[in-house]
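Chains as they are written, first to last, in the numbering used here: chain A, 9 to 480; chain B, 9 to 480.
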């Protein structure tokens, strides 16, 4: 089967090939491996996701173990766990043994713990030790992302010998990451790095230590995956070595794992920013009650916080009774505060996520947000006053004799509330971070709620000053 | 100077080294190149960003041209443009000639057009042609991201000859991307791919065509950068070839450019989701009026839309006068609709961005959102009714004789508004996409505004039904 070209916005390969492969599985399962040989494992994984669940194990069994492991690596997490849990521990162990150590550890982490231990017990001793070491790291850290298979050579080795060694490893069928060759000194510490390309380019007769870069960007095992992403992206790397305190290489994080981490991290951030817990699963497959729980929790918290508006309004009920016109503008004025807060909080959360802004910058941010808020508030003030005067003049609505004062109340309240919204929205991520929470928890709805309650107080305080002696 | 280790949350290298390098620039500029030789170009670029502007050209002049070009590639866009615009066209041409073609094109795109053409005219003919070709592509497409320097060999070439050719290129000091070697047939069409590692592992005596993968993931030049990112990430690639209609390789997009594109795209999405235009610049450096414009435009649009709430409220002013207690709960009920809408819209925008959900899925999404909205609304309904009954019972507030009916009004309105918020929030990104806009323009504040206006109507309609004959 020839692989169709990639077309945007779809994964057509899988949909096109699934029926054929399914038919082949029924007719002559032994032919499946050869027929799908040229397909990218990612495409074959997509096919696997489309065929009936009971056929998945049949398909994997029809492939050579290494190929089946490749397909498993690209498979949807839930399906992968399901498939492995349905197999015997020995069958599953045979498959996961063929995976790269980092994927093997990630896979075992996803499946049911007891079953994971059975599988772990059934894989060869060396791979088991390696996997256990990786499982000890938090999956969201450099240690949790790294693979332990990498190529390192001593600095004293001759270039030609190093090239021969690399060639041997490349031919061995082992799965070392090989973009970079790491160079160690006699104590085993990392002393340099060179790319496969630089190894090829090196003059004959030189030693590895002569041509390697002695400056190596490294990362500690406990570094958060966001930091790993920042380093890889800042230095345009394809792989970064993870080192221990003695500067010995523990493993390597490759760029493909980092891209996945960046995407996941961004998905979490957007979901939190929207005012909910991160789903941790694709939208379409998350269960109904799980979805309700992830969203309902925050929604209830926001609802309970927003109840203060009812209390605040109760406090000002007398004013509302006297000047019903005030009530008409409450949603308008309040929402403007929420909107300016939402803008500010999104800006700051993102700038923090990419490392543009740090905790100590809060003061500089506040100094930017206050004038920005005043300028935007002044703009809305003009629009708001114009709206009230216009409606009154052309007779669309009668706000009473003191309509001009009501217009001034709304206008001044807008300046105050938009400025306060910008300031509160920009400062909340700093407060969250300072308190040890994820700054992204300072979601747009959270800011809006905060600004709603305080905004009401600003609105009625302005009203009491402006309308004192006339309407109030 | 030895490079300090990377420490999280900071770019300490630059801050630590800048004073030394600055002193060296004054004392013995000729020593700068040797002293900074082992620094990563990214770190040296960070240093460059920290020293006084007038010293930047001095520093770059003190480095070998290729090294200076490397530093320029990592420099902040605005500073890079400034530096190149301040040089003579010949000096600037000497620097950009040393850049990789894709960075050269990107750089010229950033600087003032007339000056860019002068620089372009001063670079060598071949590089100029190459650059002009790249400049013809939209910078946000695969063509705009790709570099034209890559390694390709004919399928009929022997492995050893190919390795020798690759070695010659690696030694030439040219800057070809070399993670993958592309294999062409006799018509020049792309027929296969193999990694440098696979080339090394190939058995002696074989031909390149025998060992290359014939399945090659490719991307058309006009593909959007989001699509490029999706392909690179889906297939775990370090580089993807860009092909023309005849399946000839035009260039290669490497993963580092894709990571930058993913980050930029994500920053834009978060800013739009926050209810503003994308800044396109770092938060800390964007000018005051530019910031006000990017945020004030949307804020004014939202304000004008939200004015409908004042009109709607005006319509129900009679009800508010009769039952002031209703007014107290307007912010609470409305904000819950906005919050559920914000959740739904964030979820869907993100799921669309990573390709999990497509336009045709709108119906399946609606079928998920309606029951989710009802369940969450029912939860808030219970909380809301409990709150009113509790306050009434313990005497915190007196909602009048018909307080139970007011509680029922608030509760039922919450179910309606939260369901409507979830539905509207999830459908708006589809509507945006269908109309040809970026789905991320369906920002949280936009959804909240939409739901506010319609939410008021729901609230007062419920009130009229429940309170008909008693309070209204």
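A virtual CB, placed ideally from N, CA and C, is assigned to each residue, including glycine.
Distance check for residue 233 of chain A and residue 303 of chain A, CA to CA, integer angstroms please.
Position 295 of the first chain, counted from the first residue, corresponds to residue 303 of chain A. Position 225 of the first chain, counted from the first residue, corresponds to residue 233 of chain A. Going by the C-alpha atoms only, they are around 25 Å apart.
Counting only Cβ-Cβ distances shorter than 9 Å, please list the residues of the segment 236-247 of chain A near chain B, keeping chain order.
237, 238, 239, 240, 241, 242, 243, 244, 245, 246
So, helix, strand or coil for residue 299 of chain B, using DSSP?
Indexing the second chain from 1 puts residue 299 of chain B at position 291. Three-state result, residue 299 of chain B: helix.
Residue 461 of chain B beta carbon less than 8 Å from that of residue 317 of chain B:
Here residue 317 of chain B refers to the residue found at position 309 when the second chain is read from its first residue. Here residue 461 of chain B refers to the residue found at position 453 when the second chain is read from its first residue. Cβ atoms of residue 317 of chain B and residue 461 of chain B: closer than 8 Å.
What does residue 249 of chain B touch in chain A if you count any residue whose Cβ is under 7 Å from its own?
On the second chain, residue 249 of chain B is found 241 positions in, with the first residue counted as 1. Per Cβ cutoff of 7 Å: no residues; residue 249 of chain B is ~11 Å from chain A at best.
Which residues, in order along the segment 379-395 of chain B, keep a beta-carbon less than 8 Å from a beta-carbon of chain A?
379, 380, 383, 384, 387, 388, 391, 392, 395
At least three beta-carbon pairs within less than 8 Å, the segment 316-335 of chain A to the segment 348-359 of chain B
no
Counting contacts by CB-CB distance shorter than 8 Å, is residue 263 of chain A in contact with chain B?
Along the first chain, read from residue 1 onward, the residue named residue 263 of chain A stands at position 255. At least one chain B Cβ lies under 8 Å of residue 263 of chain A.
In whole angstroms, what separates the C-alpha of residue 102 of chain B from that of residue 162 of chain A?
Your numbering for residue 102 of chain B matches position 94 in the second chain. Your numbering for residue 162 of chain A matches position 154 in the first chain. So the two alpha carbons sit approximately 39 Å from each other.
Quick check on the DSSP output: the beta strand (DSSP E) that includes residue 72 of chain A runs from which residue to which?
Your numbering for residue 72 of chain A matches position 64 in the first chain. Segment: none, residue 72 of chain A is in no beta strand (DSSP E) and carries neither H nor E.
Closer than 7 Å, Cβ to any Cβ of chain A: which residues of the segment 436-461 of chain B, in chain order?
452, 453, 456, 457, 460
Below 8 Å on the Cβ atoms is my guess for residue 106 of chain B versus residue 77 of chain B; work out the distance and round it to an integer in Å.
Position 98 of the second chain, counting from 1, holds the residue named residue 106 of chain B. Position 69 of the second chain, counting from 1, holds the residue named residue 77 of chain B. Sure, about 3 Å apart at Cβ, within 8 Å.
By DSSP, does residue 13 of chain A sit in helix, in strand, or in coil?
Position 5 of the first chain, counted from the first residue, corresponds to residue 13 of chain A. Per-residue confidence for residue 13 of chain A stands at a pLDDT of 44, beneath the threshold of 50, marking its modelled position as unreliable; the derived number appears in the next sentence. DSSP places residue 13 of chain A in coil when its eight states are reduced to three.
Cross-chain neighbours of residue 364 of chain B in chain A, by beta carbon under 8 Å
Mapped onto the second chain, residue 364 of chain B falls at position 356. Near residue 364 of chain B (Cβ distances below 8 Å), the residues of chain A are 290, 291, 292.
Check the C-beta distance from residue 501 of chain A over to residue 43 of chain A and give it rounded, since I have them as a contact under 8 Å.
What the structure shows of chain A is the stretch from 9 to 480, and residue 501 of chain A is not part of that stretch, so it cannot be assessed.
Determine the direct distance from the alpha carbon of residue 229 of chain B to that of residue 150 of chain B, and round the result to whole angstroms.
Here residue 150 of chain B refers to the residue found at position 142 of the second chain. Here residue 229 of chain B refers to the residue found at position 221 of the second chain. Going by the C-alpha atoms only, they are around 5 Å apart.
Determine the chain A residues that contact residue 217 of chain B at a beta-carbon separation under 8 Å, and present them in chain order.
Position 209 of the second chain, counted from the start, is the residue given in the question as residue 217 of chain B. Residues of chain A passing the Cβ test: none, with the nearest at roughly 13 Å.
For residue 446 of chain A and residue 439 of chain A, what's the separation of their Cα atoms in angstroms?
Reading the first chain from its first residue, position 438 is the one you call residue 446 of chain A. Reading the first chain from its first residue, position 431 is the one you call residue 439 of chain A. The straight-line gap from Cα to Cα measures roughly 10 Å.
Are the C-beta atoms of residue 416 of chain A and some chain B residue less than 8 Å apart?
Mapped onto the first chain, residue 416 of chain A falls at position 408. Not closer than 8 Å to any Cβ of chain B, the Cβ of residue 416 of chain A fails to qualify, so no.
Distance, residue 374 of chain B Cα to residue 141 of chain B Cα:
By one-based count along the second chain, residue 141 of chain B stands at place 133. By one-based count along the second chain, residue 374 of chain B stands at place 366. One C-alpha to the other measures close to 45 Å.
Counting Cβ pairs closer than 8 Å, one from the segment 378-387 of chain B and one from the segment 428-442 of chain B, do we hit at least three?
yes
If you measure from the beta carbon of residue 161 of chain B to each beta carbon in chain A, is any gap under 8 Å?
Taking the first residue of the second chain as 1, we reach residue 161 of chain B at position 153. No, its Cβ sits nowhere closer than 8 Å to a Cβ of chain A.
When the distance is taken between beta carbons, is residue 353 of chain A closer than 8 Å to residue 453 of chain A?
Stepping through the first chain from its first residue, residue 453 of chain A is reached at position 445. Stepping through the first chain from its first residue, residue 353 of chain A is reached at position 345. Against a cut-off of 8 Å, the Cβ pair of residue 353 of chain A and residue 453 of chain A comes out as no contact.
Look up residue 221 of chain B in the DSSP assignment and give the residues it is bridged to.
Position 213 of the second chain, counted from the first residue, corresponds to residue 221 of chain B. For residue 221 of chain B, which the question treats as bridged, DSSP gives the partners B/201.
According to DSSP, is residue 174 of chain A helix, strand or coil?
Here residue 174 of chain A is taken as the residue at index 166 of the first chain, counted from 1. Of the three classes helix, strand and coil, the one that applies to residue 174 of chain A here is helix, per DSSP.
CB contact check: residue 158 of chain A to chain B, cutoff 8 Å:
Position 150 of the first chain, counting from 1, holds the residue named residue 158 of chain A. No, residue 158 of chain A lies away from the interface with chain B (no Cβ there is under 8 Å from its Cβ).
With DSSP as the reference, label residue 461 of chain A as helix, strand or coil.
Against the first chain, residue 461 of chain A aligns to sequence position 453. Correct three-state label for residue 461 of chain A: helix.
Flag this pair as touching only if the segment 285-304 of chain B and the segment 459-476 of chain A have three or more C-beta atom pairs under 8 Å; answer yes or no.
no
How many angstroms separate the CA atom of residue 250 of chain B from the CA atom of residue 79 of chain A?
Counting from 1 along the second chain, the entry for residue 250 of chain B is found at position 242. Counting from 1 along the first chain, the entry for residue 79 of chain A is found at position 71. Rounded to the nearest angstrom, the two C-alpha atoms are 25 Å apart.
Between residue 339 of chain A and chain B, is there a C-beta pair that is closer than 8 Å?
Mapped onto the first chain, residue 339 of chain A falls at position 331. It does: the Cβ of residue 339 of chain A has a partner Cβ on chain B nearer than 8 Å.
Specify the secondary structure class of residue 258 of chain A as computed by DSSP and reduced to three states.
By 1-based counting over the first chain, the position of residue 258 of chain A is 250. Correct three-state label for residue 258 of chain A: strand.
Quick check on residue 232 of chain A: does DSSP put it in helix, strand or coil?
Within the first chain, residue 232 of chain A is the residue found at index 224, counting from 1. DSSP places residue 232 of chain A in strand when its eight states are reduced to three.
With a 10 Å radius around its C-beta and 16 neighbouring C-beta atoms as the bar for buried, classify residue 402 of chain A as buried or exposed.
Translated into the one-based positions of the first chain, residue 402 of chain A becomes position 394. Residue 402 of chain A should be labelled exposed.
Run through DSSP, which three-state label would residue 445 of chain A get?
Start at 1 with the first residue of the first chain, and residue 445 of chain A comes out as number 437. Three-state DSSP puts residue 445 of chain A in coil, outside helix and strand.
How is residue 247 of chain B classed by DSSP in three states: helix, strand or coil?
Taking the first residue of the second chain as 1, we reach residue 247 of chain B at position 239. Three-state result, residue 247 of chain B: strand.
Helix, strand or coil: which one does DSSP assign to residue 472 of chain A?
Position 464 of the first chain, counted from the first residue, corresponds to residue 472 of chain A. Helix at residue 472 of chain A.
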